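Engineer:
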Amino acid sequence: MSSVQDSVVFRNILSHPLTAEIWSDRTRTKYYLDFEAALAKAQVLLSIIPQDAAEAIVDACSDVDNLIDWDLLRQQTESIGYPILGVVKQLVARVNEQSPAGEQWGEWSHWGATTQDLTDTASVLQIRDTLTLIEQFLDRIITALRDLSEKHKTTPMAGRSNLQQAVPISAGFKFARLLATFLRHKDRLKELRKRMLVLSFGGAAGTLATLSPDGSDDVGLRCEEELAKELGLEVPDIAWHTERDRIAEFGFFCTLVTGTCAKFGLDLKLEMQTEVNEMREPYAPHRGSSSTMPQKRNPIGSVYITATAATVRQLSAALSESMVGDHERATGPWEIEWIVLPQISTLTSACLRHTAENLEGLEVDEDNMKRNLDISKGAIVSEAVMMGLGPTLGRQRAHDIVYDLCRESNLSGKPLLELLDGNEDIDLPRKELERLCSAQNYLGYSEKMTDRVLALCGER
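Every letter in the sequence shown is one number past the one before it in the working numbering, and letter 373, counting from 1, is 976.
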């Protein structure tokens, strides 16, 4: 096994089969040929190459498996250092074989293009397909979070700060925060597509001089426009052979998306602790079980989420290095993308899939949420009590009194309410103290804020 994408054991866990296919040798080479076919169509339209040659090139490019000798391409790539020239050699040879006597139509292949044009455009097309899958996962996640936010927008649970109980929140509020983040990721995806789905076609140094040596006519620029139209991409404002911000932005986007997934995964791992047990991953027989401890139900999906997300963060950093390319054609940084883009894409898809599956089948235990609200004997609402006493005692004095009573409650096991009711410095009626000590009464704007996020879902 050279990577998780290739592993029979791990490829459906730490990778995703559809994304792995997008980044396979076959798909990448198919996109090389799609470029060559689209270039021939654009150039015959502009009378740059002969009609018969264009038709023969398009026909040869239509079936990657019939055209490409994969073992020969491997040998050519190892010899040359890049796969493009090997693909072009095989294309030219096939078209020339099928040309009538005296004609060499294959020689019109790749007219005015360079290796990086095909490589970058193929990467853009692969990223386009990857983004389509990512969007499908985002939609699943958003739908699941919308339902959870709606269902639990008034379900009280303990909010936590520094792994300690802080103040009550609603479970819906917790889900809605995550939902709002994924809605922002959908916005980012829309913006990313505008900058990402752009043709690369500039020739040797990006100037398209082979199509118009002195730039006195517009044939080269018109060819660029027609080629972009054929491939369903935007025309670049200028050649971007060594300006790699587009590719790096894709990596950073994957880092942001998987980072949000990892935040959810970490929270769910903590929620699944035996002592907490407020939320659990979907149950499936033996999933997350231990080889020695039959009682175990490990948060295995969340483990995969945090592992894949952490790896994406590291790999995306490598794309920062690929931005530092020398002059008009880089000596090395470009190839970093070939190594990490397939891994970033497959790991991101796996991370999103595990996140979607966890959310779609998430078990929310409201009884345990209530139990955990009660374990502090009322201390979780000490802020509410302090603020309730503040107008008469002063905020700092109220803080100190409640602090001491919480300490006493913790040591004695007596409920905070009882200690408050028996304290000579506190003259609030018991009914008012009971109101202040109710977690349900201290959810703040949990419900309204959740509704605000749910309204955003409706707008989208």
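Cβ coordinates follow ideal geometry from the N, Cα and C atoms, glycine included.
Predicted model only: the values in this text are computed from it and were never measured.
Cα-Cα, which of F853, V801, D848 and P816 is closest to H788?
Structural biologist: The residue labelled residue 788 in the question sits at position 185 within the sequence shown. Among F853, V801, D848 and P816, the Cα nearest to that of H788 belongs to F853.
Engineer: Go ahead and label Q679 buried or exposed: buried means 16 or more other beta carbons lie within 10 angstroms of its beta carbon, across all protein chains shown.
Structural biologist: Your numbering for residue 679 matches position 76 in the sequence shown. Buried, by the Cβ-count rule.
Engineer: Could you tell me which of R677, P936, T757 and G904 sits nearest to L617, measuring between CA atoms?
Structural biologist: Counting from 1 along the sequence shown, the entry for residue 617 is found at position 14. Selected option, being the one with the closest Cα: G904.
Engineer: Are L836 and L781 close, meaning C-beta to C-beta below 8 Å?
Structural biologist: The residue labelled residue 836 in the question sits at position 233 within the sequence shown. The residue labelled residue 781 in the question sits at position 178 within the sequence shown. Not closer than 8 Å, so no.
Engineer: Quick check: what's the CA-CA separation for L1019 versus L996?
Structural biologist: The sequence position of residue 1019 within the sequence shown is 416, counting from 1. The sequence position of residue 996 within the sequence shown is 393, counting from 1. Going from the Cα of L1019 to the Cα of L996 covers about 18 Å.
Engineer: Classify E1027: buried if its beta carbon has 16 or more other beta carbons within 10 angstroms, exposed otherwise.
Structural biologist: Residue numbering aside, residue 1027 sits at position 424 when the sequence shown is read from its first letter. Label assigned to E1027: exposed.
Engineer: Could you tell me whether the stretch 943-951 touches the stretch 849-865, using the rule of 3 or more Cβ pairs below 8 Å?
Structural biologist: Yes: at least three Cβ pairs fall under 8 Å.
Engineer: Measuring only the C-alpha atoms, how far is G762 from E878?
Structural biologist: Numbered from its first residue, the sequence shown carries residue 762 at position 159. Numbered from its first residue, the sequence shown carries residue 878 at position 275. In a straight line, the C-alpha of G762 is about 16 Å away from that of E878.
Engineer: For T632, count the other beta carbons within 10 Å of its own beta carbon; 16 or more makes it buried, fewer makes it exposed. Which is it?
Structural biologist: Position 29 of the sequence shown, counted from the start, is the residue given in the question as residue 632. Label assigned to T632: buried.
Engineer: What are the boundary residues of the alpha helix (DSSP H) that includes M760?
Structural biologist: Position 157 of the sequence shown holds residue 760. M760 -> not in any alpha helix (DSSP H); beta strand (DSSP E) instead, spanning P759 to S764.
Engineer: To the nearest whole angstrom, what separates the beta carbons of L800 and V727, a pair I think is in contact under 8 Å?
Structural biologist: In the sequence shown, the residue the question calls residue 800 occupies position 197. In the sequence shown, the residue the question calls residue 727 occupies position 124. Rounded, the Cβ-Cβ distance is 6 Å, consistent with contact.
Engineer: What does DSSP give as the partner residue(s) for M882 in the beta ladder?
Structural biologist: Position 279 of the sequence shown, counting from 1, holds the residue named residue 882. Bridge partners of M882: V967.
Engineer: If C826 sits next to Q646, beta carbons under 8 Å apart, how far is it from one beta carbon to the other, in whole angstroms?
Structural biologist: Looking up residue 826 in the sequence shown gives position 223. Looking up residue 646 in the sequence shown gives position 43. Correct: roughly 6 Å between the Cβ atoms.
Engineer: Tell me the rounded alpha-carbon separation between L922 and L824.
Structural biologist: On the sequence shown, position 319 is the one that residue 922 refers to. On the sequence shown, position 221 is the one that residue 824 refers to. Approximately 30 Å between the Cα atoms of the pair.
Engineer: Distance check for G684 and D742, CA to CA, integer angstroms please.
Structural biologist: Your numbering for residue 742 matches position 139 in the sequence shown. Your numbering for residue 684 matches position 81 in the sequence shown. D742 and G684: Cα-Cα distance of roughly 40 Å.
Engineer: Relative to the C-alpha of D1024, which candidate in G1016, S650, K1017 and L1036 has its C-alpha closest?
Structural biologist: Locating residue 1024 in the sequence shown gives position 421, where the first residue counts as 1. Considering only alpha carbons, the answer is L1036.
Engineer: Grouping DSSP H, G and I as helix and E and B as strand, with all else coil, what is A812?
Structural biologist: For the purposes of this step, residue 812 is taken as the residue at position 209 of the sequence shown. It is coil, neither helix nor strand.
Engineer: Short of 7 Å in beta carbon distance, which residues of its chain neighbour H957, apart from the five on each side in sequence? Order them along the chain.
Structural biologist: For this step, residue 957 is matched to residue 354 along the sequence shown. If we look at H957 and ignore the five residues flanking it on each side, its Cβ neighbours are G904, Y907 and I908.
Engineer: Compare the Cα-Cα distances from V690 to each of A657, I651 and A640 and report the closest residue.
Structural biologist: Residue mapping note: residue 690 aligns to position 87 of the sequence shown, counting from 1. Per the Cα distances, A640.
Engineer: For R1063, I'd like the list of residues in its chain whose CB is within less than 8 Å of its CB, leaving aside the five on either flank, ordered along the chain.
Structural biologist: Here residue 1063 is taken as the residue at index 460 of the sequence shown, counted from 1. Closer than 8 Å at the Cβ level, and outside the excluded window around R1063, lie L786 and K789.
Engineer: By a C-beta neighbour count over all protein chains shown, 10 Å radius and 16 as the cutoff for buried, is E966 buried or exposed?
Structural biologist: Within the sequence shown, residue 966 is the residue found at index 363, counting from 1. By the neighbour-count rule (16 or more Cβ atoms within 10 Å), E966 is not buried but exposed.
Engineer: In whole angstroms, what is the alpha-carbon distance linking S1065 and S948?
Structural biologist: Only positions 604 to 1063 of the chain appear in this structure, which leaves residue 1065 out of reach.
Engineer: Pick helix, strand or coil for S773, following the three-state DSSP scheme.
Structural biologist: What you label residue 773 is simply residue 170 of the sequence shown in a count that begins at 1. Note: S773 maps to strand in three-state DSSP.
Engineer: If you pair each beta-carbon of the stretch 653-673 with each one of the stretch 711-718, do three or more pairs fall below 8 Å?
Structural biologist: Taking 8 Å as the limit for Cβ pairs, the verdict is that the stretch 711-718 does touch the stretch 653-673.
Engineer: Taking the alpha-carbon of S952 as reference, which of S610, V612, I625 and V611 has the nearest alpha-carbon?
Structural biologist: For the purposes of this step, residue 952 is identified with residue 349 of the sequence shown, where counting begins at 1. Looking at the Cα atoms, I625 is the closest of the given residues.
Engineer: When the Cβ atoms of the stretch 749-762 are set against those of the stretch 968-983, are three or more pairs found closer than 8 Å?
Structural biologist: Touching, per the Cβ criterion.
Engineer: Is it right to say E846 is buried, meaning 16 or more other beta carbons lie within 10 angstroms of its own, or is it exposed?
Structural biologist: Taking the first residue of the sequence shown as 1, we reach residue 846 at position 243. So E846 counts as exposed.
Engineer: Taking the straight line between their C-alpha atoms, what separation do you get for S925 and I1004?
Structural biologist: Taking the first residue of the sequence shown as position 1, residue 925 is located at position 322. Taking the first residue of the sequence shown as position 1, residue 1004 is located at position 401. Going by the C-alpha atoms only, they are around 59 Å apart.
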